[in-house]
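Have a look at the structure below, then the notes.
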Amino acid sequence: MAVLIAALCCSIASAYDFEVDGIYYNKLSSTTVEVADCPDKITGDVTIPETVTYEGSTYSVTSIGESAFGGCSSLTSISIPNSVTSIGNGAFFHCFELKGITIPNSVTSIGVRAFSHCDELQEITILSTVTSIGNGAFESCYGLKEITILSTVTSIGEYAFEGCSSLKEITILSNVIHGGPAFHDTAWWESQAEGVVYLGSMLYGYKGVMPSETSIDVKEGTTSIGDHAFSGSELKEITIPNS
248 MAVLIAALCC SIASAYDFEV DGIYYNKLSS TTVEVADCPD KITGDVTIPE
298 TVTYEGSTYS VTSIGESAFG GCSSLTSISI PNSVTSIGNG AFFHCFELKG
348 ITIPNSVTSI GVRAFSHCDE LQEITILSTV TSIGNGAFES CYGLKEITIL
398 STVTSIGEYA FEGCSSLKEI TILSNVIHGG PAFHDTAWWE SQAEGVVYLG
448 SMLYGYKGVM PSETSIDVKE GTTSIGDHAF SGSELKEITI PNS
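Basically the working numbering = 1-based index in the sequence shown + 247.
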């Protein structure tokens, strides 16, 4: 874990193509750019423009690059334009004061540890175009209390919300496949009774120590079984329904 965190913090591109209003950009094509870095560690409320003009050329801002705002510990809010389609790995890693963010309906993917350790983040709106949430994307966002995952999301990475100790309400509106343990060490997980735990139509996993040679009948209507759901258990027999 420490090695990965160090890699994220140090992976900011050493070069960039140009700067506009304190934000650095890299060209992706002749018409598009990504946010590359904020070397002065801007603070407060930040708005990312939909387009930027440099040396007479106008570019559409289509992504927030890897670690672009990583370590901006005094960043309190960020406005992301509808032109952005992806949020890169560690994009807002360790933005301790970031309190709220709306992911626009242009975004389809949220990268690995994109918002990890955003301690003050209490609410997150993920709109209907997002299809994947990366490993550890919201890991250890201690203030996060509630999330709704819409029907477009088909994959949630490992440890995506692990350690979100205030997270009590989880609504999943899709037949999502999650990487275990995506929701461990949350208030939701702690409130579950020991035994088989379901989350929507998904069998999330088994909580507690399973008795020797246990047999389990998965309930009808279950559409998926989470990663590592019974790993390390003494499960003897399992019956899986046609659903």
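Don't be surprised by glycine CBs; every beta carbon is placed ideally from N, CA and C.
Asked	Found
What does the Cβ neighbour count give for residue 357, buried or exposed, with the cut at 16 atoms within 10 Å?	buried
Would residue 410 and residue 437 qualify as a contact pair, given that the criterion is a beta-carbon distance under 8 Å?	no
Threshold first: 4 residues or longer. Then list the alpha helix (DSSP H) segments lying entirely within the segment 386 to 452, N to C.	434 to 437
Answer with buried or exposed for residue 313, where buried requires no fewer than 16 other C-beta atoms within 10 angstroms of its C-beta.	buried
On the criterion of 16 or more Cβ atoms from any shown chain inside 10 Å, does residue 250 qualify as buried, or is it exposed?	Any reading at residue 250 must be qualified, since the residue scores a pLDDT of 41, below 50, and its modelled position is unreliable; no value is offered.
Output needed for residue 460: all residues of its chain with C-beta closer than 7 Å, excluding positions within five of it in sequence on either side, in chain order.	481 and 483
Could you give the uninterrupted runs of the beta strand (DSSP E) lying entirely in the segment 302 to 388, keeping only those of 3 residues or more?	304 to 311, 322 to 326, 347 to 350 and 370 to 373
Do three or more CB pairs link the segment 372 to 392 to the segment 403 to 420 at distances below 8 Å?	yes
Going by DSSP, which residues form a beta bridge with residue 270?	267
Going by beta carbon distance, what residues of the same chain come within less than 7 Å of residue 278, once the five residues before and after it are set aside?	306 and 307
Report the rounded CA-to-CA distance for residue 426 versus residue 432, giving the unit in angstroms.	14 Å
Which partner residues of residue 486 appear in the DSSP bridge assignment?	464
Is residue 284 helix, strand or coil when you go by DSSP?	strand
Mind checking whether residue 301 and residue 283 have CB atoms under 8 Å apart?	no
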